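Engineer:
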Amino acid sequence: MLRILLLSILSISTVLFSSAQELERRAFMGILLSAIDEDMRSQAGFKGDDGIFVLRVFDKSSASAADIKADDILISLNDEPIVGVSPFLGMLKQFKTGDKVALEIFREGKIITKDLELKPFPKESNPAFETIYSSVVNGDNHQRIFLTKPFGDGPFPTVMVLQGVGCASSEYPFESMRGMSYEIIDSLTRAGYATIRVERSGMGDNKGQPCLDIDFKTDLGGFRATIAKLGEFSFVDQDALFLMGFSMGGVIAPLLANETDVKGIIAYGTASLNWKDYETENSRRQYPLNFENYESFAENMRLLELLLTEFYNKQKTPEQIADEYPEHAEWITQRLGIYPMHYRYFQQVAELNTLDLWYECNAHVLAVHGSSDYVSSANDHALIAEVVNNKKPGSATYVELEHADHWFNYAETYEESQTAVNSGNAEINRDFIPLILAWLKKLA
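Each residue of the sequence shown is one higher than the last, beginning at 1 in the working numbering.
1. Can you pull the DSSP bridge partners for N290?
2. Determine which residues share a DSSP beta bridge with Y398 and list them.
3. Return helix, strand or coil for P340, following the three-state DSSP convention.
4. Starting from the N-terminal side, write out each stretch of the beta strand (DSSP E) that is 3 residues or longer and does not extend beyond the segment 207–289.
5. Hey, R25 and P127 are a contact pair by Cβ (cut 8 Å); roughly how many whole angstroms apart?
6. Specify the secondary structure class of M160 as computed by DSSP and reduced to three states.
7. Rounding to the nearest angstrom, what Cα-Cα distance links G208 and E351 in this structure?
8. Bridge partners of L116, per DSSP?
9. On the three-state DSSP scale, how would you describe S423?
10. Would you kindly work out how many angstroms separate the C-alpha atoms of W358 and E299, rounded to a whole number?
11. Would D237 and P155 be called neighbours here (beta carbons separated by less than 8 Å)?
12. How is I428 classed by DSSP in three states: helix, strand or coil?
13. Measuring CB to CB, does Y398 end up less than 8 Å from A411?
14. Taking the beta strand (DSSP E) that Y133 belongs to, which residues open and close that run?
15. Can you tell me whether K229 is buried or exposed? The criterion is at least 16 other CB atoms within 10 Å of its CB, across all chains shown.
16. Using alpha carbons as the reference points, say which of S417, F408, G231 lies closest to Y182.
17. Buried or exposed for N425, please, with buried defined as at least 16 other CB atoms from any protein chain shown within 10 angstroms of its CB.
18. Considering only DSSP beta bridges, list what Q347 is partnered with.
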């Protein structure tokens with residue numbers, strides 16, 4: 001899949017971390033970027049080794065004002081070579097709103113220079129309700145939080161959204177970029193619920209550790225700080241707080257619920273097994289999607305068991321494992337390279353006894369699994385409901401959502417889901433929304 005990033009320039013300044021201090025709004029260049037492959041170089045006639053490709057320019061942005069266009073190739077920033085998307089983001093951290101920069105661009109066979117004055121990043125807005133920007137302090141990290149609330153004083157039952165793993169922004173200022181995640185928030189708020197979410201460390205306006213460097217404990221600290229912040233908002237009904245966790249957010253949800261008074265949890269596409277066992281089961285389930293036959297299945301599973309034992313049970317680094325098993329070094333590096341965050345994040349997740357967390361949970365629970373979700377299993381969700389009901393009969397419900405995959409795409413099979421994800425043209429299955437609204441209404 002072509003990985004693209006919505007470029008947002010992070011402004012860096014000295015910040016004295018205090019809860020009273022607000023985050024500065026980052027600067028906004030307003031371009032969608034991609035790394036350059038050989039086909040792009042050939043089609044553009046670009047012979048340079050570095051550079052990054054402009055996929056799209058947003059209206060009313062710094063890039064639009066400077067006449068940067070789609071299909072441009074960015075070569076240098078203030079005379080410093082641009083060697084890739086991630087390094088470019090790092091270069092931009094020195095700038096803030098109002099700064100002027102010079103971009104060297106390859107366009108239609110020529111190299112030109114464009115001067116930009118960086119504008120502030122647009123904020124989320126919605127005519128149907130209020131959107132509030134605030135922040136929390138999490139150790140050395142200062143993180144943005146977003147709240148939506150119905151018009152009026154409240155108090156309103158409140159849903160805290162716990163996103164899945166990965167370094168993607170939780171802010172949706174552009175309608176064209178709003179997918180199912182924002183539709184859920186929009187639907188909840190229109191139905192009378194306040195919502196809150198926290199931007200992961202290193203993303204958006206945040207100051208502190210880069211997202212790819214944080215571990216699970218640091219990530220968890222951001223969610224804890226956000227819950228603690230809720231008491232400052234008079235419109236939040238503290239007696240009607242719900243957690244809604246997607247994927248990894250569903251692992252985090254019972255942990256948070258055991259630390260604070262939570263009325264209910266919605267978990268979608270998550271795991272209830274120990275993380276090592278979850279990865280093993282996932283690999284078995286996904287094998288037919290990635291291989292035409294089972295010729296190498298036994299060997300792959302044997303190697304996976306070896307790798308995961310070294311990685312999780314013995315807490316070794318990917319480099320240590322590759323050095324100890326040089327004959328499998330390429331396979332090990334490739335397999336561990338699929339993690340979307342720092343490897344320590346997942347080693348710490350593997351230390352959790354997730355089923356114990358669910359058993360100790362006193363909240364009502366709705367465990368939902370999409371029938372075509374090949375990233376999680378139906379059994380894990382049924383087990384969550386079984387464990388919770390074992391302690392508090394009737395307090396948990398398990399639902400298999402038909403024709404929905406891990407990302408709320410409409411798909412009838414695992415194969416259709418994989419095709420939809422790879423194509424980027426999937427139809428959204430919105431059946432999750434009326435399901436959770438009906439469940440919440442009974443409790444809130």
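We treat Cβ as the ideally placed atom computed from N, Cα and C, and that holds for glycine. Remember, it's a predicted structure, so these values are computed and weren't measured experimentally.
Structural biologist: Taking the geometry as given:
1. Paired residue(s): none; N290 is not in a bridge.
2. Under the DSSP definition of a beta bridge, Y398 partners with A367.
3. The answer is coil: DSSP assigns P340 none of H, G, I, E or B.
4. For the segment 207–289, whole beta strand (DSSP E) runs of length 3 or above, ordered along the chain, are 236–246, 264–268.
5. Between R25 and P127, the beta carbon gap of about 21 Å keeps them out of contact (Cβ cut-off 8 Å).
6. In the structure shown, the three-state DSSP call for M160 is strand.
7. Take the alpha-carbon of G208 and the one of E351: they are about 25 Å apart.
8. DSSP, once it has assigned bridges, lists V101 as partnering L116.
9. It is helical.
10. Each residue's alpha carbon lies about 34 Å from the other.
11. In this structure, D237 lies near P155, with their beta-carbon atoms less than 8 Å apart.
12. Correct three-state label for I428: strand.
13. Their beta carbons are not under 8 Å apart, which means Y398 does not touch A411 by this criterion.
14. Start and end: 130–138.
15. Buried, by the Cβ-count rule.
16. For the residues S417, F408, G231, the minimum Cα distance to Y182 belongs to F408.
17. Looking at its Cβ environment, which holds fewer than 16 other Cβ atoms inside 10 Å, N425 is exposed.
18. The partner list for Q347 (beta bridge, DSSP) is empty, contrary to what the question assumes.
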